[in-house]
Amino acid sequence: YYDARLLTPNLEAIHLMTFDQKTSERNPKEADYPAPIYESYGRIPQDNIDASVR
Numbered sequence: 001y002y003d004a005r006l007l008t009p010n011l012e013a014i015h016l017m018t019f020d021q022k023t024s025e026r027n028p029k030e031a032d033y034p035a036p037i038y039e040s041y042g043r044i045p046q047d048n049i050d051a052s053v054r
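For the sequence shown, full-length UniProt numbering assigns the number 1 to the initial residue and increments by one for each residue that follows.
Next comes the structure, spelled out in structure tokens:
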């Protein structure tokens with residue numbers, strides 16, 4: 001891991017790659033967000049990209 005505060009003077013942009021945070025175990029017959037950016041209604045509050053980055 002890098003110290004972001006030390007790197008920021010040398011960066012113009014940060015690209016965040018997101019990957020699946022869901023499996024078909026919830027309901028295999030229902031489409032779902034593979035990697036939700038923000039908290040979704042009825043979901044685990046920490047199960048999204050925004051919460052993971054914070």
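Note that beta-carbon positions come from the ideal geometry of N, C-alpha and C, so glycine has one too.
query: On the premise that Y41 lies in contact with D50, defined as a C-beta separation below 8 Å, what is that separation, rounded to the nearest angstrom?; result: That pair is no contact at about 15 Å.
query: Alpha carbon to alpha carbon, how far is A35 from N48?; result: 7 Å
query: Please list, in chain order, all residues of the same chain as P45 whose beta carbon is under 6 Å from its beta carbon, the five residues on each side excluded.; result: E39
query: Please classify I49: does DSSP put it in a helix, a strand, or coil?; result: helix
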